Every structure is written in C-alpha cells, then in structure tokens.
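For reference, the structure is listed below as structure tokens.
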Amino acid sequence: MKKEPRTIAIWTLAAAIGVAALGPVSASAATPSAATKAIALNESMDAVVSQAIKQLSDQGVLQGYENGTVRPNQAVTQAEAAKLIVLALRLQPAAASSASLGNEHNGKWYADYVKAAIDNGLLSAADFQPNKPLSERELAGMVAKALQRDALSARSWMEAIGDGKAQATRGEAARLLVKAETSVRSENARIVSVKALNSIALEVTTSGPLTLDDETIERSAETFRFDGGLTNVNQPRLKTGSANTYIVPVTTMEEGKSYTLAYKGQQKLNFEGSGELIRFEQARQVANDTFEVEALLSEGVVDYGYIISAYADGRGANALVLGDGLTLDGKSLQVISSLRNRTAVLTPEGGEPMTVSYVGYTQSTDGKQEPKFRLPAGKKLEPGVTYRVSADWFETKNASFVASDIAPLVIASAQATDAKTLTVTLNGDPGDELFAFRSAKLEGDDGSELTAQYRVQTRKGATGVFDLQNGGELKNGVSYKVSPIGDWAVAAGEVTFIKA
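Numbered by the numbering used here, the letters in the sequence shown go through residues 215 to 714 in order.
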C-alpha cells in the first residue's frame with residue numbers, strides 16, 4: 215500500500231438513492247477550509263460522528279450535498295464507500311489496471327474510485343451496484359481488505375461504532391474510516407513502547423502497523439535486535455482488533471534483567487524482563503513417543519493463535535478480540551506466544567532427564583490449547599513408568615503422568631489429489647493434530663518409491679493431506695501401496711490407490 219499524497223481528484227459525495235450524483239469538484243475548490251465550511255453539521259449529530267466527518271472533510275475525503283448537508287444517518291452505498299475508502303486509505307489503482315465496468319458506468323463520478331477499489335480487491339466488477347446500500351459487515355469487510363487486515367478486527371471496530379442494524383450509515387462509515395486511518399501500514403512506523411507480558415512474550419506498541427514485509431520472520435529478526443542473549447522466536451503478530459499492538463515471541467527472559475531492543479538500528483528502548491511462567495494445567499500422553507500439556511482459557515490462559523490478526527479469519531468462533539491490557543470480560547489473560555523451537559525436559563522416575571521438542575503447529579488446534587512434545591527419534595515412553603514434565607518457561611499444575619501402551623493410528627485408505635499430493639484417511643477421527651510431522655512411504659508397482667509428509671493443519675476429521683517430498687510425483691496408471699514410516703500408525707490391511 216503506497217503512502218504518497220493523494221493524487222485522485224476530490225469528488226462530491228454521491229446523492230441519495232434515486233437522486234442523480236453530483237458532479238466532480240476541482241481539487242483547488244476542495245481545500246480543507248472550503249470543504250469544512252461547505253458542510254453544515256446537523257445540530258443533533260453525535261459529537262463523535264461530527265468530529266469524524268470534520269476530520270475527513272479537512273482531509274478532502276468527504277464533502278456534503280449541494281445544500282451543505284451530509285446526512286449522517288443515511289445508508290452508505292457501494293459507490294460512496296469505494297470513494298471514501300480509496301481516498302481515506304490512499305489506495306492506488308494497479309499500474310496496469312484491468313478493472314472494467316459496464317458502459318452504464320462510464321463517465322460517472324464514482325467510476326475511477328470503483329476501479330481502484332476493484333484493483334485492491336475491495337469490490338467485484340460483476341457484483342457492483344452503485345446505489346446498493348452496504349451492511350455494516352460488508353463495509354467492515356471492504357475496510358479490512360484495504361488495510362490488509364483480518365475481517366474480525368474491522369468488524370470489531372464496526373461493532374463498537376454501529377448500532378447493529380443491517381445497513382451502515384454515512385456517519386458510521388466516517389467513524390470507521392477515522393479508526394482505519396490509524397491502521398494504515400507504514401514502513402516509517404516507530405516503536406512507542408515495549409513491555410514483557412511473561413517470560414516468553416513481549417507487547418510492542420508502534421506508532422502504526424508495520425508493513426507486511428517488516429512483519430515477516432526474516433525481516434523482523436533483523437529489525438528487532440535484543441541484547442542480553444534474547445532473540446526473536448517468531449515474527450511479531452498484530453493483536454486482533456488492535457491498530458498497532460504486537461505480540462512478539464522471544465526466547466526465555468530472566469526475571470528483573472534489563473534488556474535493550476534496537477529497532478532498525480535507529481531506536482533503542484529499554485525494558486525489564488519477566489520471569490512469569492506459562493501456566494499449564496495437565497500433562498498427558500497422546501502417543502507412544504508424544505505427550506501434551508494443556509492450558510485452559512477458563513483459568514485465564516490463552517494461546518496467541520486465537521488473538522492475533524494473522525490467524526483470526528481461520529479460527530472461526532474460537533477467535534477472540536481482547537480489550538486493553540489483554541482482557542476478556544474484564545479478566546486479564548496470560549498469553550502463550552509462539553512455541554517455535556521450544557523444548558521441555560521429561561524425566562522418568564528413577565531415570566535420567568531427556569530434552570523433548572515442541573511439535574510445530576500443535577499449540578492451538580481444534581479449539582484446544584494443548585501443545586505437544588515429542589521424544590528424540592527412536593525413543594518411546596515406557597508403559598508403567600511415571601514421567602514428570604518441566605521447563606524454564608512453563609509450570610504445570612499436574613506435571614506427572616504414567617505412560618501406557620497406546621495403540622497407533624490406523625491408516626484405512628489413501629487417495630491421490632494431484633501428482634504431488636494425496637490424502638490419507640484413518641479408521642477414525644483422532645480429534646487432534648496427531649498427524650503432525652508424520653511421514654508415509656509410497657511403493658509403486660513400477661518399482662518406484664516415494665515419501666510423503668503430512669501438511670500441518672490440514673486434517674479434517676479422519677483425513678489429512680500429505681505432500682510428496684524431494685520433488686517426487688505420482689505417475690498416472692501406477693498403483694501405490696501406502697505404509698507409515700515409523701510406528702506412529704499401522705495400515706488396515708494393504709492400503710493402495712491408483713493415480714488416475
């Protein structure tokens with residue numbers, strides 16, 4: 215999203231449904247002072263709406279009708295929303311725009327704005343109806359796309375503004391856009407504050423959201439530099455519903471230790487480390503080489519997968535918008551940040567402790583908070599032995615479990631989806647991410663052998679997606695026998711499929 219000054223000419227706000235739209239106003243005639251004077255604010259208008267309209271008019275984004283009114287309680291249309299969003303959020307048309315509208319739209323006041331909105335993915339040319347009123351949800355969806363944000367964040371802003379009715383009003387649109395303007399990504403964003411949330415997470419507030427490039431793990435590892443042996447574990451993640459608050463996963467901090475964050479080599483901010491451990495409730499075995507620890511939202515602990523903008527659209531009803539201070543219904547929550555590359559210690563009763571590794575992408579699945587840890591390759595939990603779990607970054611209320619002999623998963627069938635992908639179906643829904651980082655061998659009746667690995671977070675019920683490794687491809691007409699690599703699963707008889 216470019217941040218250059220707006221270059222699109224200022225146009226008047228469209229007339230009401232059924233009334234001809236007003237023509238364009240020259241940029242020189244639409245100076246902030248002239249635009250402000252042109253708008254006669256209704257005496258009954260809510261003060262917050264009045265301020266939002268004044269701010270947008272001062273920016274040359276919004277103007278009133280010929281009689282000076284703005285009609286804040288009137289429904290906002292698709293055409294009006296396109297113009298307001300394109301101007302307020304400084305959207306530019308694509309360099310080689312392919313957006314086109316029907317001939318009936320040629321020369322209309324909204325045509326250029328709508329084409330820019332189509333180029334930025336806000337609207338579809340096929341579905342565009344200039345005078346169609348937008349619902350609050352539709353308006354929020356357009357703003358989310360313009361900001362490159364999740365829909366839940368924009369909807370939460372809309373819900374705080376709107377009255378819950380089906381149609382969004384012009385006044386609500388003005389208030390939403392004033393909020394959205396604080397959420398425009400910028401490569402010039404600076405850090406305002408840093409504080410430790412717990413021993414493995416920081417809360418970083420910026421002057422505005424970072425660019426998507428600056429949020430990547432590769433870039434953030436360079437731009438977020440810590441002293442004292444502290445490093446990033448994963449990329450910074452915007453909190454859902456926040457304009458500029460990030461959760462930054464880091465390696466384990468020391469209680470009371472002074473750290474310095476150097477941002478882009480330009481800013482240096484000091485903060486004090488926290489020794490607060492993540493609170494898990496229960497450790498339990500889930501496979502012969504894997505165990506999990508459970509955290510409960512009801513006990514005031516939430517995984518960041520449910521509260522960050524990057525994941526919100528995929529978490530459905532499990533996604534949460536927290537209030538200031540990471541609160542939910544007035545209660546402060548402890549946040550589990552990314553567990554990437556984390557380890558724990560597993561100690562058998564009377565035996566030597568061993569280091570176990572977190573199984574990626576298992577910390578928050580199926581609405582649960584149950585990160586899993588796997589023993590080193592070739593090692594298994596011994597039935598009847600009591601094991602105790604510990605770490606320098608978490609504590610567990612019930613940290614011990616007695617291992618048992620757990621039956622492996624059973625592969626019931628497999629099916630090719632394309633030359634590089636197949637689905638593997640178990641004989642029952644495991645109800646959890648037990649496929650994670652497991653592999654299978656494929657033996658073709660032509661003598662070929664291939665390896666496939668589970669694609670994390672693709673399981674639907676009993677079926678998961680597996681990707682061929684090392685550039686391997688399935689051949690048409692070849693029959694493949696599928697068997698697990700290792701003893702994580704067994705086959706229900708001979709499992710075969712033919713690539714069509």
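From the three backbone atoms N, C-alpha and C, an ideal C-beta is built for every residue, glycine too. Every value quoted in this text rests on a predicted model; they were computed, and no experiment measured them.
So V559 packs on A605, CB below 8 Å; how close in whole Å?
-> To locate residue 559, count along the sequence shown from 1; it is residue 345. To locate residue 605, count along the sequence shown from 1; it is residue 391. Contact between V559 and A605 holds, with the beta-carbon distance rounding to 6 Å and staying under 8 Å.
* Can you give me the Cβ contacts of L682 inside the same chain, cut-off strictly under 6 Å, excluding the 5 residues immediately before and after it? => Within the sequence shown, numbered from 1, the residue matching residue 682 stands at position 468. Counting only Cβ-Cβ distances below 6 Å, and skipping sequence neighbours, we find K634, L664 and A666.
Going by other Cβ atoms of all chains shown within 10 Å of its Cβ, with 16 needed for buried, is Q480 buried or exposed?
-> By one-based count along the sequence shown, residue 480 stands at place 266. Result: exposed.
Three-state secondary structure (DSSP) of N446: Counted from its first residue, the sequence shown places residue 446 at position 232. The three-state secondary structure of N446, taken from DSSP, is strand.
Using a threshold of 8 Å, state whether the C-beta atoms of F494 and F680 are closer than that.
Numbered from 1 along the sequence shown, position 280 holds the residue referred to as residue 494. Numbered from 1 along the sequence shown, position 466 holds the residue referred to as residue 680. Contact: no.
From S627 to K713, what does the alpha carbon distance come to, in whole angstroms? Position 413 of the sequence shown, counted from the start, is the residue given in the question as residue 627. Position 499 of the sequence shown, counted from the start, is the residue given in the question as residue 713. Roughly 14 Å separates the two Cα atoms.
| query | How many Å lie between R498 and D517 at the Cα? | reply | Locating residue 498 in the sequence shown gives position 284, where the first residue counts as 1. Locating residue 517 in the sequence shown gives position 303, where the first residue counts as 1. Separation of R498 and D517 (C-alpha to C-alpha, rounded to the nearest whole angstrom) is 18 Å.
Assuming contact is defined by CB atoms lying nearer than 8 Å, are A415 and V464 in contact in what I supplied?
As a first step, residue 415 must be located in the sequence shown, where it is residue number 201. As a first step, residue 464 must be located in the sequence shown, where it is residue number 250. Closer than 8 Å, so yes.
- Could you tell me which of P562, E386, F505 and A613 sits nearest to I620, measuring between CA atoms? Against the sequence shown, residue 620 aligns to sequence position 406. Looking only at P562, E386, F505 and A613, the smallest Cα-Cα distance to I620 is reached by F505.
Exercise for the section: Can you have a look at P286 and say buried or exposed, based on whether 16 or more other CB atoms are within 10 angstroms of its CB? Expected result: In the sequence shown, counting from the first residue as 1, residue 286 sits at position 72. P286 sits buried, since 16 or more C-beta atoms from the chains shown fall within 10 Å of its C-beta.
Are S271 and Q265 close, meaning C-beta to C-beta below 8 Å?
In the sequence shown, the residue the question calls residue 271 occupies position 57. In the sequence shown, the residue the question calls residue 265 occupies position 51. Taking 8 Å as the Cβ cut-off, S271 and Q265 do not qualify as a contacting pair.
So who's on the other strand from V679, going by DSSP bridges? Here the question's residue 679 lines up with position 465 in the sequence shown. DSSP lists T637 as partners of V679.
ask   = Can you pull the DSSP bridge partners for I172?
value = There is no way to answer for residue 172, as the model of the chain reaches only from 215 to 714.
Proximity test, Q343 beta-carbon vs the ligand HEM heavy atom, cut-off 7 Å = Annotation note on the ligand HEM: not contained in the displayed structure, which lists no ligands.
Practice item. Leaving aside the five residues before and after A388 along the sequence, list all residues of the same chain whose C-beta is less than 6 Å from its C-beta, in chain order. Key: For the purposes of this step, residue 388 is taken as residue 174 along the sequence shown, with counting starting at 1. Excluding sequence positions up to five before and after A388, its CB lies within less than 6 Å of the CB of A266, I267 and L270, all in the same chain and listed in chain order.
Legend entry - For S653 and D503, the rounded distance between their alpha carbons: The residue given as residue 503 occupies position 289 in the sequence shown. The residue given as residue 653 occupies position 439 in the sequence shown. Going by the C-alpha atoms only, they are around 15 Å apart.
- Message: I need the DSSP call for Q496, collapsed to helix, strand or coil.
- Response: Position 282 of the sequence shown, counted from the first residue, corresponds to residue 496. Note: Q496 maps to strand in three-state DSSP.
Cα separation between L547 and V515? Position 333 of the sequence shown, counted from the first residue, corresponds to residue 547. Position 301 of the sequence shown, counted from the first residue, corresponds to residue 515. Between the alpha carbons of L547 and V515 lies a distance of about 5 Å.
### Message
In the DSSP output, which residue or residues are listed as bridge partners for V507?
### Response
Walking along the sequence shown from the start, residue 507 turns up at place 293. DSSP output for V507 lists A497 as bridge partner(s).
Spatial distance of L536 from T291 (CA atoms): Position 322 of the sequence shown, counted from the start, is the residue given in the question as residue 536. Position 77 of the sequence shown, counted from the start, is the residue given in the question as residue 291. Cα to Cα, the separation comes out at about 31 Å.
Taking the beta carbon of L426 as the centre, do at least 16 other beta carbons fall within 10 Å, making it buried, or is it exposed? The residue given as residue 426 occupies position 212 in the sequence shown. With fewer than 16 Cβ atoms within 10 Å of its Cβ, L426 is classed as exposed.
- request: Would you check if the distance between the CB atom of E468 and the CB atom of A410 is smaller than 8 Å?
  value: The sequence position of residue 468 within the sequence shown is 254, counting from 1. The sequence position of residue 410 within the sequence shown is 196, counting from 1. The answer is no: Cβ separation not under 8 Å.
- prompt: What's the C-alpha gap between G645 and E318?
  reply: Along the sequence shown, read from residue 1 onward, the residue named residue 645 stands at position 431. Along the sequence shown, read from residue 1 onward, the residue named residue 318 stands at position 104. Distance between the alpha carbons of G645 and E318: 54 Å.
Quick one: grab the DSSP three-state call for T561.
-> Counting from one through the sequence shown, the residue named residue 561 turns up at place 347. Strand.
### Message
If you measure between the beta carbons of I521 and T454, is that distance less than 8 Å?
### Response
Counting from 1 along the sequence shown, the entry for residue 521 is found at position 307. Counting from 1 along the sequence shown, the entry for residue 454 is found at position 240. Going by beta carbons, I521 and T454 fall inside the 8 Å limit.
If we require 3 or more residues per run, which beta strand (DSSP E) segments fall completely within the stretch 434 to 487?
Within the stretch 434 to 487, the complete beta strand (DSSP E) runs of at least 3 residues are 438 to 440, 459 to 463, 472 to 477 and 481 to 486.
| With 16 other CB atoms within 10 Å as the buried threshold, where does D428 fall? | Taking the first residue of the sequence shown as position 1, residue 428 is located at position 214. Under this definition D428 is a buried residue.
Practice problem: Return the chain-ordered list of same chain residues with a C-beta closer than 8 Å to the C-beta of V599, the five sequence neighbours on each side being excluded. | Solution: Within the sequence shown, numbered from 1, the residue matching residue 599 stands at position 385. Taken in chain order, the residues that qualify are P562, E563, G565, V616 and A617.
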